[in-house]
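Notes to accompany the following structure.
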Amino acid sequence: MDIKQSWGFIAISLGIISLLWSVMSLNGMIAQEHLFAEMGSFLSLTGSNLYDETYAENMLAVDRHKNFIILLTGISMASIGSLLIRGCYRK
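Heads up, the sequence shown stops at 114 in the numbering used here, and the numbers go up one at a time, no gaps.
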């Protein structure tokens with residue numbers, strides 16, 4: 024196994040880890056969105072003005088952006104790794 028193929032396997036493994044991380048982050052983001060919706064409805068019923076709706080939207084936008092970056096990194100690392108090990112099993 025040469026250097027190019029070993030870097031390919033490393034890139035593929037990092038890409039898969041990044042893809043798994045983004046899927047787990049997406050699940051957490053869905054739960055967080057549900058929590059913010061429930062918290063907002065509860066605080067609006069009590070008449071409290073402690074909860075600002077733009078805060079929840081900003082937090083979800085930051086998490087969505089971070090998840091998108093991680094997803095793109097995983098896809099690019101897995102594709103680079105697959106290009107590096109291309110033809111390794113044909114020998």
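Cβ atoms here follow ideal geometry from the backbone N, Cα and C, with glycine treated the same way.
In this text, all values refer to a predicted model and were calculated from it rather than measured experimentally.
Between the beta-carbon of MET100 and the beta-carbon of LEU43, is there less than 8 Å? No, the pair does not count as a contact, with Cβ atoms beyond the cut-off.
Nearest to ASN50 by CA position, among ASN90, GLY97 and ASN81, is which residue? The shortest C-alpha separation from ASN50 is found at ASN90.
ILE108 in three-state terms, based on DSSP: If DSSP states are grouped into helix, strand and coil, ILE108 belongs with coil.
Beta-carbon proximity of SER45 to GLY97, cut-off 8 Å: The Cβ atoms of SER45 and GLY97 sit closer than 8 Å to each other.
Less than 8 Å between the CB atoms is what I'm expecting for ASP86 and MET47, so what's the real figure, rounded? The pair is not a contact, with the Cβ atoms about 12 Å apart (cut-off 8 Å).
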